[in-house]
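A.B. asks:
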Amino acid sequence: MFVKICGTTTEEDALLAVAMGADAVGFIFAPSPRQVSPGRVRDIVRRLPPEVLTVGVFRNELPERVVEVVNASGLRGAQLHGRETPEQARFVKERVPVLFQAFVAGDPSIRSARDYGADAVLLDSPSPGSGEVFDWRLADGVRLLRAGGLSAGNVAEAINSVHPWGVDVVTGVESSPGHKDPVQVREFIAAAKGAEPRQPAPVTDGPYDWEELGS
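Note that the numbering used here has the sequence shown beginning at 17, numbered continuously upward.
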C-alpha cells in the first residue's frame, strides 16, 4: 500500500514520515496554514533518501509555474489540486517525472480523470485538508489515492472497502496544522500498510516504480 504523508512543513516531520515507512512526502505551495516556500522545501528534500517520492501540491497555479517550482525545489512530482484542465495537467506531466491529479468528491470531472494523463488520481473531500469524511466509493476504474478524513482509526476500513492503490493524509496525523504527531504518523502508516484490500487495486498504464523515476 502506497502511503503519502502530506502537508509537511519541517525537516523533522519529513524525516519522521520517512523513518516510519512513508513512500511519499508532500509539500503544499498553495495558500494554506501548511504552505511552504520553494527554498525551504529544497533544503528539506536534500536530506531525504532518493527512493522517497517528494511531491509539490499546487492549486490553480499556472502550469509553467508548477514545472518551475518542482524543478527548482528538487522535487520529483507535482499534485494539482485545483480546477486544472486536462491540457494543463498533460503540460505538467510532460515536464515532471510524476503527476497526481486531485478531484473533490462529487466533481463531475472525475468521469474524465483518465484524460489528465496523471500517474494516479487523488480523491479528496469537498474541503481539502479539512479532515471531513466522505463516501470513498465515488470513483472507480483509475489508479486511486484515497484522501480526506483519513486517520489511523479508519484508514484500514477505507482500504478494505474500496481497495485503492494508495492513501494520502494531512490532518489525520497532525497535532496542529502543519505539525505532525509522531504517534499518529506511526499508527497511520502501520494501519495502512497492514490493511488487506479485498481485491487488487486497479492498474493503469504508466511508470509506478518510484525508485527508478528520475534516476
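By construction, the Cβ of each residue, glycine as well, lies at the ideal position given by its N, Cα and C atoms.
Just so we're clear, the structure is a prediction, and the values are computed from it rather than from any experiment.
Determine the closest residue to GLY98 out of ALA208, THR187 and ASP140, with distance taken between C-alpha atoms.
C.D. replies: Taking the first residue of the sequence shown as 1, we reach residue 98 at position 82. Of the candidates ALA208, THR187 and ASP140, the one whose C-alpha sits nearest the C-alpha of GLY98 is ASP140.
A.B. asks: Going by DSSP, which residues form a beta bridge with ASP184?
C.D. replies: To locate residue 184, count along the sequence shown from 1; it is residue 168. Answer is LYS20, bridged to ASP184.
A.B. asks: Take every Cβ of the stretch 56–67, pair it with every Cβ of the stretch 32–46, and state whether three or more of those distances are shorter than 8 Å.
C.D. replies: Taking a cut-off of 8 Å for Cβ pairs, the stretch 56–67 and the stretch 32–46 touch, as three or more such pairs fall below it.
A.B. asks: Write down every uninterrupted run of the alpha helix (DSSP H) in the stretch 84–150 whose length is 4 residues or greater and which is fully enclosed by it, in chain order.
C.D. replies: 102–109
A.B. asks: Under 8 Å between the Cβ atoms of GLY182 and LEU161?
C.D. replies: For the purposes of this step, residue 182 is identified with residue 166 of the sequence shown, where counting begins at 1. For the purposes of this step, residue 161 is identified with residue 145 of the sequence shown, where counting begins at 1. Cβ atoms of GLY182 and LEU161: closer than 8 Å.
A.B. asks: Would you decide whether THR70 is buried or exposed? Buried here means 16 or more other CB atoms lie within 10 Å of its CB.
C.D. replies: On the sequence shown, position 54 is the one that residue 70 refers to. Looking at its Cβ environment, which holds 16 or more other Cβ atoms inside 10 Å, THR70 is buried.
A.B. asks: Taking all protein chains shown into account, do 16 or more other C-beta atoms lie within 10 angstroms of the C-beta of GLY164, making it buried, or fewer, making it exposed?
C.D. replies: Counted from its first residue, the sequence shown places residue 164 at position 148. Per the 10 Å Cβ criterion, buried.
A.B. asks: What do you reckon, are the CB atoms on VAL120 and ASP135 nearer than 8 Å?
C.D. replies: Here the question's residue 120 lines up with position 104 in the sequence shown. Here the question's residue 135 lines up with position 119 in the sequence shown. No.
A.B. asks: Ignoring anything shorter than 3 residues, give me the beta strand (DSSP E) runs that lie fully in the stretch 30–90, in order along the chain.
C.D. replies: 40–44 and 69–74
A.B. asks: Taking the C-alpha atoms as reference points, what is the distance between MET17 and ARG81?
C.D. replies: Here residue 17 corresponds to residue number 1 of the sequence shown, with the count starting at 1. Here residue 81 corresponds to residue number 65 of the sequence shown, with the count starting at 1. In a straight line, the C-alpha of MET17 is about 31 Å away from that of ARG81.
A.B. asks: Please identify the residue among ALA33, THR24 and ALA30 whose C-alpha is closest to the C-alpha of SER48.
C.D. replies: To locate residue 48, count along the sequence shown from 1; it is residue 32. Nearest of ALA33, THR24 and ALA30 to SER48, Cα basis: THR24.
A.B. asks: Looking at the strands, I want to know which residues DSSP matches up with GLU190.
C.D. replies: As a working note, residue 190 is residue 174 in the sequence shown. Partner(s): LYS196.
A.B. asks: Taking a contact to mean a Cβ-Cβ separation below 8 Å, would you say ARG111 touches VAL83 in this structure?
C.D. replies: Here residue 111 refers to the residue found at position 95 of the sequence shown. Here residue 83 refers to the residue found at position 67 of the sequence shown. Against a cut-off of 8 Å, the Cβ pair of VAL83 and ARG111 comes out as a contact.
A.B. asks: Strictly by DSSP, which residues pair up with LEU161?
C.D. replies: Start at 1 with the first residue of the sequence shown, and residue 161 comes out as number 145. DSSP output for LEU161 lists LEU138 and GLY182 as bridge partner(s).
A.B. asks: Can you tell me whether GLY210 is buried or exposed? The criterion is at least 16 other CB atoms within 10 Å of its CB, across all chains shown.
C.D. replies: Your numbering for residue 210 matches position 194 in the sequence shown. Around the beta carbon of GLY210, fewer than 16 other beta carbons sit within 10 angstroms, so the residue counts as exposed.
A.B. asks: Can you list, in chain order, the residues of its chain with a C-beta nearer than 8 Å to that of SER125? Leave out the 5 residues immediately preceding and following it.
C.D. replies: Translated into the one-based positions of the sequence shown, residue 125 becomes position 109. Around SER125: PHE119.
A.B. asks: Rank SER191, LEU32, PHE204 and PRO65 by C-alpha distance to the C-alpha of ALA174 and give the top, closest one.
C.D. replies: Locating residue 174 in the sequence shown gives position 158, where the first residue counts as 1. Of the listed residues, the one whose Cα sits closest to ALA174 is PHE204.
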